[in-house]
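Protein chains in written order, with our numbering: chain A, 116 to 434; chain B, 100 to 553.
Each residue gets a CB set at the ideal place from its N, CA and C atoms; glycine is no exception.
What follows is a set of notes on a single structure, which appears directly below.
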């Protein structure tokens, strides 16, 4: 019996794909299609507001009246406005001092939390609280703490401990007010820095420290030669984000001083809001907001390429 | 002497005032809850016939309340209107900050609420988009003894007699003071003369009960104090043509006065926001300030005996006049605008007429206990003003020729100057010795000229 089965295979040429199938087989098209929703979201929620802000800054729009294109007039007028320049100086000063404070204290806190301590997880969660609490709530709490008549600090110093005879005017003089706001900002920013750096610290292998100790390195040397260089990558990211948050801070200052006394705590973000919304000058407010962009870009580049550069970390030209 | 509040008690009062322009809400007092409309003298005037369109329904937007009766009675009156006419009214209350942007959107898109109860200068900004109110304002004025000057200024198109809106009330800030402490300093009432006022402040500080006025970025209180300093010295932000006229010898005199006055105030007023003086007054830290009725209202309606005692010792008086012939104080006016995009203008006008009639307006006004000052003169005759004579100064709160950016035309720029604290910062920098009067006035004039005519 013939056990074989005739298996004649007939070649049938495949019908050429339709344009639709070809289109969807095209990698470039598929990539574009998959990215479309994201691109659409970015376009609507990012590009459009940014573009509108840029356009408004070139017009004299006020609330209630559509404006006309006036070129760079808003910027020229701001350049001659001492209040604007004070807000620029304040913003830079606020960002620099608060960021340095946040990083010094944040790093210190991260190193403390990196040790083995009882209730470690709980304490680490608690530390995050200032960062979790809505800023406006913590701002109101600070506003009470700094109140000229009801400050808890003054109350303790004057009425309980009798160390002073008068209440401290935290927000009533320019430098007191600036200092008080920086302290509040540092308080709020420390958890972010501490937790980020803690994550970085935990990636450093303990064997490096052991080796260093065997070689007789002091604790300062271990910090300086091991901890700092290995933390640099995460430090540069945390620094960039922290600078961006601080530079564009609005809520703390708005809730506590509204830029007073006589604009000495006015930041660019608060001034932009004050001129645009309560003051109705949308064009001018947008121009102030747009003026923040070059500063933000410069700060980002500095943090990213400056601190992130290996040359700085290792003292060699190993880029 | 009245017992001083503990720190915690005063925090409670402060918390009640927090975030608001001036006010803290407490429980509904219903102190003058009786109809309170039979004591309004009216003229016999035939109401204009607004024929309500069939199927009419309305949307009304107004600022959020700071005292409960403001909303309760406004809603009750609106419901009465719906019951009487069958016109469905959707009434929305929005926060004060959000109201202006929402008004702008409604005006520019030609859609949204039929009636928006906006703020002082808003009708001037949207004049071309509003329905004329000449008929209704004429009727209300004729029936209720005429409009106070401030109502006319803010209700009519600048420089004309054309009514753009119906002013519904004004929030004003007369002197609020502690009677016993003034007496202790040798005064039965607050002197009108500025030098005497300064001496009184000095004496009050000497007996440990200083006065206090906001000089920080407090949009209501600090601007009110700065305006008062200007107007009592005969100075003004602009001249009649709207040109900035700040750089004058009168302004310099006002600045010098502020400099002399500042050391007699309680310290810390440079950081006060709009609730700063409320808290300090309720804590017994200050003896005198300028404010809305909120301080008295909160203390009077509190269940705390210490606060009730403060209310009993508190009195109000119109602000000192200085060289001004009339009350040198303005008010934040709420102004009802009817937009041309409304499909039911007659129903909307009828609604506003209904809300302003004594049967509705009377109980609303009476229960707000002076929070709103009335724009129509006849309402000053209502019995509740006399039932608690301490409220009396609020009855004439809108009887004043002064407004933001006085004496030039009312415009959007007026509010821009106030929002930027131009005058407040001028006074604060001189009072604290951070600038000379001459330098501060030049800087402020330049700042003001960015929005007004230079």
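Shown in chain order are the members of the segment 347 to 366 of chain B whose Cβ falls below 7 angstroms from a Cβ of chain A: 366. Look at the segment 312 to 340 of chain B: the residues with a C-beta under 9 angstroms from a C-beta of chain A are 314, 315, 316, 317, 318 and 321. When only Cα atoms are considered, residue 397(B) and residue 314(A) end up about 51 angstroms apart. Here the segment 228 to 237 of chain B makes no contact with the segment 362 to 382 of chain B; the two share fewer than three CB pairs at distances below 8 angstroms. At a Cβ-Cβ threshold of 8 angstroms, residue 382(A) and residue 206(A) count as neighbours.
In this structure, residue 499(B) lies near residue 248(B), with their beta-carbon atoms less than 8 angstroms apart.
From the beta-carbon of residue 378(B), the residues of chain A found nearer than 8 angstroms are 262, 264 and 265. If you look at residue 432(B), you'll find it isn't in any alpha helix (DSSP H); it sits in the beta strand (DSSP E) that goes 430 to 437. Put simply, the CB of residue 284(A) is near chain B, with a gap under 8 angstroms to one of its CB atoms. Residue contact check for residue 192(A) against chain B: a CB pair falls below 8 angstroms. In the DSSP assignment, residue 356(B) falls within the unbroken alpha helix (DSSP H) covering 348 to 360. No Cβ-Cβ contact shorter than 8 angstroms links residue 406(B) with residue 276(B).
Under the DSSP assignment, residue 265(B) falls in the beta strand (DSSP E) whose first and last residues are 265 to 271.
Three or more pairs of CB atoms, one per stretch, sit closer than 8 angstroms, so the segment 429 to 446 of chain B contacts the segment 255 to 270 of chain B.
Distance between residue 362(B) and residue 201(B), taken at the CA atoms: about 42 angstroms. Between the segment 241 to 250 of chain A and the segment 325 to 339 of chain A, the count of Cβ pairs shorter than 8 angstroms is below three; the stretches do not touch. Any Cβ of chain A closer than 8 angstroms to the Cβ of residue 509(B) would place that residue at the interface, and such an atom is absent. For residue 142(A), the uninterrupted alpha helix (DSSP H) segment begins and ends at 142 to 157. Taking a cut-off of 8 angstroms on C-beta distances, the segment 281 to 288 of chain A does not touch the segment 192 to 202 of chain A, as fewer than three cross pairs fall below it. Under the Cβ distance rule, residue 199(B) counts among the residues neighbouring chain A, one pair being separated by less than 8 angstroms.
Annotation: residue 329(B) to residue 364(B) spans about 18 angstroms, alpha carbon to alpha carbon.
Residue environment for residue 343(B): buried (at least 16 other C-beta atoms within 10 angstroms of its C-beta). Residue-level contact by beta carbon holds for residue 207(B) and chain A, with a gap shorter than 8 angstroms. Within the segment 379 to 400 of chain B, 379, 382 and 384 place their CB atoms closer than 7 angstroms to a CB of chain A, listed in sequence order. A residue is called buried once 16 or more other Cβ atoms fall within 10 Å of its Cβ, and residue 529(B) is buried on that count. Straight across, the Cα-Cα distance linking residue 298(A) with residue 369(A) is about 15 angstroms.
The DSSP assignment places 321 to 329, 334 to 337, 343 to 362 and 366 to 371 as complete runs of the alpha helix (DSSP H) inside the segment 302 to 373 of chain A, in order along the chain (cut-off: 4 residues).
The residues 395, 398 and 399, in chain order, have a CB closer than 7 angstroms to that of residue 410(B) in the same chain once the five nearest residues on each side in sequence are set aside.
Taking a Cβ-Cβ cut-off of 9 angstroms, the neighbours of residue 549(B) in chain A comprise 192, 196, 396 and 399, given in sequence order. Here residue 183(A) is exposed. Its C-beta has fewer than 16 other C-beta atoms within 10 Å. Taking residue 454(B) as the centre and dropping the five residues before and after it, the same chain places the C-beta of 176 closer than 6 angstroms to its C-beta, in chain order. Cβ atoms of residue 412(B) and residue 278(B) come within 8 angstroms of each other, at about 5 angstroms.
In the DSSP assignment, the residues bridged to residue 364(B) are 310(B).
The beta carbon of residue 256(B) lies closer than 6 angstroms to those of 226 and 263 in the same chain, with the five residues before and after it left out. Out of 215(A), 171(A) and 390(A), the CA that lies nearest to the CA of residue 302(A) is found in 215(A). In this structure residue 273(B) is buried. Its beta-carbon is surrounded by 16 or more other beta-carbon atoms within 10 angstroms.
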